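Just so you know, the sequences run in chain order A and B. According to numbering that gives the first Met the number 0, the first sequence is numbered sequentially starting from 0. According to numbering that gives the first Met the number 0, the second sequence is numbered sequentially starting from 0. We treat Cβ as the ideally placed atom computed from N, Cα and C, and that holds for glycine. From a predicted model like this one, the values you see are computed outputs, not experimental measurements.
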Amino acid sequence: MRRETKIGLYIFLAPVLMWLLLLIVVPHIDLFIMSLRGEDDLGEAIWTLDNYHSFFSERIYWLTFARTATYALLVTLLTFLITFPVAFYITKVVHRRYSAFLTILLLMPFWVSELVRVYGWMILLRESGVINHLLLGMGLLEQPVELLYNDVSMVMGLVYTSMLFMAVPLISSLEGMDDNLIEAAHDLGASKLTIFLRIVIPYAAPGITSGAIVVFMLTLGNYLTPNLMGGKNSLWFTEQIYNQFIASFNWNQGAAFGFLLLLLSSLIIWAGLRLSRQDLGRALT
Amino acid sequence: MKKTVLRASIVLLALAASSTSMAQETLRLLTWTGYAPKVLVEKFEKETGIKVELTYSNNEEMIAKLRATRGAGFDLAQPSQDRISAVQAKYKIYQPMDYRKIDASQFISSMLTAVQDNTKVGSDSFAAPFCYGTSGLIVNKAKARNAKDYDALLDPKYTGRISYRLKRPTLIALAFSNDYDPFASYSDPKAYKVLMEKVGDRLISGKPLVKNYYANGDALLELMRSGEVHVALGWDNGGWKLHDENPDIDFVAPKSGALGWIDTFAIPAKSKNVEGAYKWINFMLKPENAAYFTNQEKYGTASKGANEFLDESIRDNFTRSFSAADIDNIKWYPPVPAKLEQIEGKILDRVKASR
């Protein structure tokens, strides 16, 4: 009997394992090998660590990475600050009857693709766009102002594209919270701030952690939004990888950058988990 | 129960059989936006029964896509003629073109010979011409009457009203306007690097003047159309399209020479429909089809007999933007040797990262 279940398990597990192996593990090994290859002065293929070395020796490469990571952290923080009140309102303040409806309203914009949403923002923000048109019409502006193509508009676009991934885990973790906990704290004389910091936040912590990880990774790996909304100063690290692969034909360098992105972002997340004393396993369940 | 299962499986089998017998011959075309107008695709499908699948791309992505599959996945590609020989020598992604299978009488013969020469690797050539055009300035003359050469892109007079792509044509154009000839140092990577670094420095110091580095042709048209940009580096056909909408905007052949390119047909190494590819080439070069394409998209055509089918406005566009001297001054791209892309890539990254 036990043996049979084991065989059954393997049969059902096989497609998943094949998927992981063929579509994730094998390509990564290939990419890793590629990142260790290079050419010597005569154009012969050799094994080398040059591709990794050039990341640290060329200032613009690691500066771009540092910039990208900093902005990704900022976006994660802003997304949390904006989404948390919304999630709290939906789960705790509004009547239960409406909370499902409000959640769906929140999800609605994400039924269209990211590209369409970004173009929507561009139509709103550009110099000849909707917002400028309105402000001019109301006489608040004399001259149209360029609202697009700067870091602020880029961060806003990134926050907007990743809000969903923060909202859903927050809502689900706050939903499980017993309202009596808050009431009891009130009865015992706790202030609103204390309740928020010592009851609500710790309870929502796994949701916050998993939301933050997803938002951080998605922002770090985003290509479209920084490229379209960011303008002339918005060199994002993914664009750097794209340029190596596509414009410079240097796949080896691009592969090395890809691995460095994977490694460094994992490192940042690990550090974040250690600092906030959160457990990855608990956050993901 | 058993009977229904049996019946269902018979139906399924029948469906599978019919879908394979109905499987149509397809031609997977890797091309640029606008190079396969819908009307012509439908006409071709009707004439030959071959279904055309389109994938839009640009030079760099075409090469990357074909390189990733070692020349599989597409039956016909349309790279620029200067981006073929070095790539072919290194990655072997195309197959030699069989010039007996294309109707040479339909081509402007000097152009066919030039492309054959420029795409030669060993004893084989790899491409046939499709269309040509130039890059130069697109100018809103109501706002920037005096923009006559590439250095207008670095002119503080137009601060915030300038746009170009951060791609190699920009580097090359600005080198020409500085009285260098970048094509002359193509064969000397070291000299080329020194030259391009100078151009890169100029781009960095000119960065505060730029509104935005546009990402594609549509974005450029929108920037010009809305009046947000007055001077841009762009393609002649884009300028002429805008001229139709707004007579103030036009293409200007720069004083130091418009950059001339020819886009081609090349057959990927693992094309599954080589015959269909040749059919498409011959179809697109037929005078009336080529003329339709040119009237629609305003690119010059490599088809010999197309002239008599062209709209009057096409000729007007050309004579308005190009004097006889401008035509002589067009700098045609020679084949790009390997390695230059990496030099350029690094400089362009530096420009984008600078503050």
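Where residue i meets chain B, residues with beta-carbon distance less than 8 Å
i       : result
E126(A) : S225 and E227
P234(A) : Per the sequence presented here, residue 234(A) reads as Leu, with Pro not at that position. Correct list: D348, K351 and A352.
Closer than 7 Å at the beta carbon, the chain A residues around residue i
i       : result
V209(B) : K231
E59(B)  : I245 and A246
Proximal chain A residues relative to residue i, where beta-carbon distance stays under 8 Å
i       : result
A214(B) : N226 and L227
G344(B) : N242, Q243, A246, S247 and N249
Cβ separation of residue i and residue j, assumed to be a contact under 8 Å, to the nearest whole Å
i       : j       : result
V335(B) : L165(B) : Contact doesn't hold; Cβ gap of about 17 Å is too wide.
G230(A) : N149(A) : 6 Å
A301(B) : P128(B) : 4 Å
D29(A)  : K91(A)  : Their Cβ separation, rounded to whole angstroms, is 49 Å, which puts D29(A) and K91(A) out of contact at 8 Å.
I248(B) : N139(B) : 5 Å
L136(B) : V251(B) : 4 Å
A214(B) : L227(A) : 7 Å
A105(B) : L284(B) : Reading the sequence as shown, one finds Gln at residue 105(B) and not Ala. Confirmed, Cβ separation roughly 4 Å.
Y157(B) : L208(B) : 7 Å
Neighbour flag for residue i against chain B, beta carbons, 8 Å
i       : result
Q142(A) : no
Y148(A) : yes
I59(A)  : yes
T63(A)  : yes
Q239(A) : yes
R273(A) : no
I268(A) : no
Chain B contact residues for residue i, given Cβ-Cβ distances below 9 Å
i     : result
Y9(A) : Under the 9 Å cutoff, chain B gives no residues; its nearest Cβ is about 28 Å from Y9(A).
Chain-ordered chain B contacts of residue i [CB-CB under 7 Å]
i       : result
T160(A) : Under the 7 Å cutoff, chain B gives no residues; its nearest Cβ is about 17 Å from T160(A).
Chain A contact for residue i (CB, 8 Å cutoff)
i       : result
E244(B) : no
K42(B)  : no
E340(B) : yes
I92(B)  : no
P334(B) : no
Neighbouring residues, chain A, relative to residue i (Cβ below 9 Å)
i       : result
K206(B) : K231 and N232
A63(B)  : F244, I245, F248 and W250
CB contact check: residue i to chain E, cutoff 8 Å
i      : result
R66(A) : Protein chains in the displayed structure are A and B, and chain E is not among them.
Heavy atom of the ligand ATP within 7 Å of residue i beta-carbon
i       : result
L124(A) : In the structure shown, the ligand ATP is absent, as is every other ligand, since no ligand is present at all.
*Could you tell me which uninterrupted alpha helix (DSSP H) segments, each at least 4 residues in length, are contained entirely in the region 106-152 of chain B, listed from first to last along the chain?*
108-117
*asked:* Can you confirm whether the region 224-236 of chain B touches the region 116-136 of chain B when touching is taken to mean that 3 or more C-beta pairs between the two stretches lie within less than 8 Å?
replied: yes
*Assess, as a yes-or-no matter, whether the region 199-208 of chain B is touched by the region 163-177 of chain B under the definition of 3 or more beta carbon pairs within less than 8 Å.*
yes
*Just list the beta strand (DSSP E) runs in the region 215-277 of chain B, keeping only unbroken ones of 3 residues or longer that don't cross its boundaries, in chain order.*
230-234, 248-251 and 258-264
*4-residue-minimum alpha helix (DSSP H) runs that sit fully inside the region 136-218 of chain A, ordered along the chain*: 150-174, 178-186 and 191-194
*Quick one: which unbroken alpha helix (DSSP H) runs of 4-plus residues sit fully inside the region 221-256 of chain A? Chain order, please.*
223-228 and 236-241
*Could you say if the region 49-61 of chain B and the region 297-312 of chain B meet the contact criterion of at least three C-beta pairs nearer than 8 Å?*
no
*Segment contact, 8 Å Cβ cut-off, at least three pairs: the region 150-163 of chain A with the region 61-75 of chain A*: yes
*At 3 residues or longer, and completely inside the region 66-141 of chain A: list those beta strand (DSSP E) runs for me, N to C.*
none
_the region 84-99 of chain B in contact with the region 119-127 of chain B per 3-pair CB rule at 8 Å_ = yes
*contact_flag[the region 338-352 of chain B, the region 228-247 of chain A] where n(CB pairs < 8 Å) is 3 or more*: yes
*Any chance the region 117-134 of chain A sits against the region 188-206 of chain A, with 3 or more Cβ pairs inside 8 Å?*
no
*Within the chosen definition, does the region 265-274 of chain B reach the region 87-98 of chain B through at least 3 CB pairs nearer than 8 Å?*
yes
*At least three beta-carbon pairs within less than 8 Å, the region 230-244 of chain A to the region 211-222 of chain A*: yes
*Only counting runs of 4 or more residues, tell me where the alpha helix (DSSP H) segments fall wholly within the region 271-348 of chain B, in order along the chain.*
273-284, 286-296, 311-320 and 323-327
*Three or more C-beta pairs below 8 Å linking the region 44-61 of chain A and the region 252-266 of chain A*: yes
*asked:* Any contact between the region 253-269 of chain A and the region 168-188 of chain A? By contact I mean 3 or more CB pairs, one from each, below 8 Å.
replied: no
*Answer yes if the region 89-105 of chain A comes into contact with the region 177-191 of chain B, meaning at least three C-beta pairs across the two stretches below 8 Å, and no otherwise.*
no
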